[in-house]
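Note that the working numbering has the sequence shown beginning at 38, numbered continuously upward.
A virtual CB, placed ideally from N, CA and C, is assigned to each residue, including glycine.
A quick note: this is a predicted structure, and the numbers were derived from the prediction, not measured.
Worksheet: the structure to be examined is printed underneath.
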Amino acid sequence: MFTVVVNNVNEELNLTEITVSAKDLPYIYVGVPLCISSTSTSTSTSTSTCEVSILSRIIEDGILTNRYILTGIVGEIGTLLVVNQRMLAARKYVGGYAFGSIEINEGQIDIVKSKDRGSKQGLNFYMTDNRLTPSASMTATEDSILFSAGSFWFNNNICFSPDKHCDLASADSPIENIFVRNAISTVADKNNIPIIRNVPDNILDIWGQYPLKLINMIGLFVKKEMIWPGGMWDGLRKI
């Protein structure tokens, strides 16, 4: 429940202009009527009815103001209106703004969690006539965003912050397959990769022959005239 002030009345067009305080702006939406539970002036107090339609929000120099136009005369200039939206009859809004596109030249779109609602905020996309089950969705919970769709396509690079150490998937939810075409993929530092496969026996046999072959090669280049202490030459000849 909050209060607004009547600051202008147009009896010819049957319209009322009200001013809403900044803290109460989140509770007023064009398209959702106001339920004015009571009106108060300096001399009298009276009870009014709900379902007062909001015609528009006033814009000055391209900036949204905190002033709204209501249909009907709901009070004189200076009247204090007590608004209680909890008294509105239950209703459901479907469709919203039926525009082909929405363009924002400057600024941002904010989706703000209401203090008395759940912690999830999301965008749903309906690609069929079924308005009950979304074809794809984006749901934000705390500091994470869940994408729900059959597949995701990116037309450019996927980048991470350079000062962050990010993981792609997790131990509990690993990626099954990665397909790379004409590219070099570095998956880890080779100095930190543990040996996870056994060396085949035939490779070990080849490695084991290297010392013997090396000694034989040395023997071929040693001249018989060289003096080898302790019968070393005889030992090499027997190999």
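Less than 7 Å between C-beta atoms, sequence neighbours within five positions excluded: which residues of the same chain meet that for residue i?
| i | result |
| --- | --- |
| Gln122 | Tyr64 and Cys72 |
| Gly159 | Ser174, Met175, Thr176 and Ala177 |
| Phe162 | Pro171, Ser172, Ala173 and Ser174 |
| Ile146 | none |
Could you tell me which residues DSSP pairs with residue i in its beta bridges?
| i | result |
| --- | --- |
| Gln158 | Ala177 |
| Thr45 | Inspection of the sequence shows that residue 45 is occupied by Asn rather than by Thr. Asn45 is bridged to Glu54. |
| Thr170 | None; Thr170 has no bridge partner. |
| Tyr105 | Ile55 and Arg94 |
| Phe184 | Met175 |
| Ile100 | Glu97 |
| Phe39 | Val120 |
| Val89 | Leu71 |
Residues in its own chain within less than 8 Å of residue i by CB, not counting five upstream and five downstream?
| i | result |
| --- | --- |
| Asn51 | Thr108, Gly109 and Ile110 |
| Glu54 | Val43, Asn44, Asn45, Val46, Asn47, Ile95, Arg104, Tyr105, Ile106 and Leu107 |
| Ile182 | Met175 and Thr176 |
| Leu304 | As shown, the chain starts at 38 and ends at 276. That puts residue 304 outside it, with no answer to give. |
Check whether the Cβ atoms of residue i and residue j sit closer than 8 Å, and answer yes or no.
| i | j | result |
| --- | --- | --- |
| Lys157 | Ala177 | yes |
| Ser174 | Thr165 | no |
| Asn103 | Thr56 | yes |
| Gly43 | Thr116 | For the sequence presented, residue 43 should be read as Val rather than Gly. Yes; because the gap between Cβ atoms is below 8 Å, this pair is in contact. |
| Met124 | Ser58 | no |
| Glu97 | Val46 | no |
| Ile100 | Val67 | no |
| Thr76 | Leu118 | yes |
| Val120 | Met38 | yes |
With a CB to CB cut of under 6 Å and the five nearest residues on each side skipped, what residues in its chain are close to residue i?
| i | result |
| --- | --- |
| Glu48 | none |
| Ser185 | Ser174 |
| Asp61 | Phe39 |
| Ser93 | Ile106 |
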